[in-house]
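Chains as they are written, first to last, in our numbering: chain A, 1 to 105; chain B, 1 to 105.
Built from N, CA and C at the ideal position, the CB exists for glycine as well.
All of these numbers come straight from a predicted model, not from anything done at the bench.
There are 2 protein chains.
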Amino acid sequence: MTDGLRSLTDLDRIIHEPARLLILTILSGVVSADFLFLQRETGLTKGNLSAHLSRLEETGYVRIEKTFKGKLPLTICKLTAAGQKALAKYRQQVQEFMKKTADAN
Amino acid sequence: MTDGLRSLTDLDRIIHEPARLLILTILSGVVSADFLFLQRETGLTKGNLSAHLSRLEETGYVRIEKTFKGKLPLTICKLTAAGQKALAKYRQQVQEFMKKTADAN
DNA sequence: GTAAACCGGTTTGTAATGCAAACTGGTTTA
DNA sequence: TAAACCAGTTTGCATTACAAACCGGTTTAC
Chain A
1 MTDGLRSLTD LDRIIHEPAR LLILTILSGV VSADFLFLQR ETGLTKGNLS AHLSRLEETG
61 YVRIEKTFKG KLPLTICKLT AAGQKALAKY RQQVQEFMKK TADAN
Chain B
1 MTDGLRSLTD LDRIIHEPAR LLILTILSGV VSADFLFLQR ETGLTKGNLS AHLSRLEETG
61 YVRIEKTFKG KLPLTICKLT AAGQKALAKY RQQVQEFMKK TADAN
């Protein structure tokens, strides 16, 4: 009866981290975003944002392209297909958990 | 516009951990549960379960009572009022996030 | 009677994590 | 030419989740 709940324990930990869920969610709404835009939107420190982006890139959820705007470095981030899929799955699992346990009071 | 999302970053980390969310959710459905029951329901190892329960107790979300069933130790766990409240708030925040970002594909 | 297996847990060791401060390579300003 | 600034990255550290090893006690096997 309480059993389908155990699926909680195999949530994608990469996405479950709030900062990364935030980043992915923002990216899912735009075609691409640069580093400073993401920093403003998330409120994360540079170091923190950089680390999370690296993690998301390693995992294949985000593609990072380094270029220049004039003479200044510019880091452009896009959600990959894998990232979209993983995010959708994560949302699905959370949705299901919330539904199954929606017995208020 | 994407701004209310930033509230993700102040989710209660104690509850956000899937194993603990699972424990709290189970406890919210019963008046009390013993250690072995929780272990079976969650599928956690003893060590892991013990550590999470200690954490939940320190935080004041769960009350733990040690007694005996016959000659064997028996650990009984109950969700506290604070635990209920914190769980409800967490669920509320997640619900809100899901609603705000429900624009599929 | 005592050694081995079992019971219900707790403690310990370890690798992974999130975070911000300090750093980097380069550019603009004074 | 030094100081301040820019867009990030790396480093150091404290916290964490996890399972293996341990623990005090009880039952079973011999």
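Residue j and residue i - do their beta-carbons sit closer together than 8 Å?
{"i": "B:Asp77", "j": "B:Leu36", "result": "With the sequence shown as reference, residue 77 of chain B is identified as Cys, and Asp is not the correct amino acid for it. Taking 8 Å as the Cβ cut-off, B:Cys77 and B:Leu36 do not qualify as a contacting pair."}
{"i": "A:Lys75", "j": "A:Lys66", "result": "Reading the sequence as shown, one finds Thr at residue 75 of chain A and not Lys. Yes, the Cβ-Cβ distance between A:Thr75 and A:Lys66 is below 8 Å."}
{"i": "A:Ser7", "j": "A:Gln93", "result": "yes"}
{"i": "B:Ile23", "j": "B:Leu56", "result": "yes"}
{"i": "B:Ala19", "j": "B:Leu53", "result": "no"}
{"i": "A:Ser28", "j": "A:Gln95", "result": "no"}
{"i": "B:Lys100", "j": "B:Leu5", "result": "yes"}
{"i": "A:Asp3", "j": "A:Ala86", "result": "no"}
{"i": "B:Leu175", "j": "B:Thr59", "result": "Summary: the structure shown does not reach residue 175 of chain B, with chain B confined to residues 1 through 105, and so no result is reported for it."}
If you run the structure through DSSP and keep just helix, strand and coil, what is residue i?
{"i": "A:Leu74", "result": "strand"}
{"i": "B:Ala81", "result": "helix"}
{"i": "A:Glu116", "result": "The displayed coordinates of chain A run from 1 to 105. Any statement about residue 116 of chain A would go beyond what the structure contains."}
{"i": "A:Asp12", "result": "coil"}
{"i": "A:Asp3", "result": "helix"}
{"i": "B:Ala33", "result": "strand"}
{"i": "A:Leu41", "result": "The amino acid occupying residue 41 of chain A in the given sequence is Glu; Leu does not appear at that position. Of the three classes helix, strand and coil, the one that applies to A:Glu41 here is helix, per DSSP."}
{"i": "B:Glu96", "result": "helix"}
{"i": "A:Glu17", "result": "coil"}
Check for me: the alpha helix (DSSP H) holding residue i runs from which residue to which?
{"i": "A:Arg55", "result": "Lys46 to Thr59"}
{"i": "A:Ala102", "result": "That residue, A:Ala102, is in no alpha helix (DSSP H); it is neither H nor E in DSSP."}
Name the residues in the segment 17-33 of chain B whose C-beta lies less than 7 Å from a C-beta of chain A; which are they?
Pro18, Ala19, Leu21, Leu22, Thr25, Ile26 and Gly29
Against chain A, which members of the segment 32-53 of chain B pass a CB distance test of less than 9 Å?
Glu41, Thr42, Gly43 and Leu44
Taking a cut of 9 Å between CB atoms, which residues from the segment 86-97 of chain B lie near chain A?
Ala88, Arg91, Val94, Gln95 and Phe97
Using a Cβ-Cβ cut-off of less than 8 Å, list which residues of the segment 67-86 of chain A approach chain B; keep chain order.
none
Which of the residues in the segment 1-12 of chain B, read from start to end, lie with their CB under 7 Å from any CB of chain A?
Thr2, Leu5, Arg6, Leu8, Thr9 and Leu11
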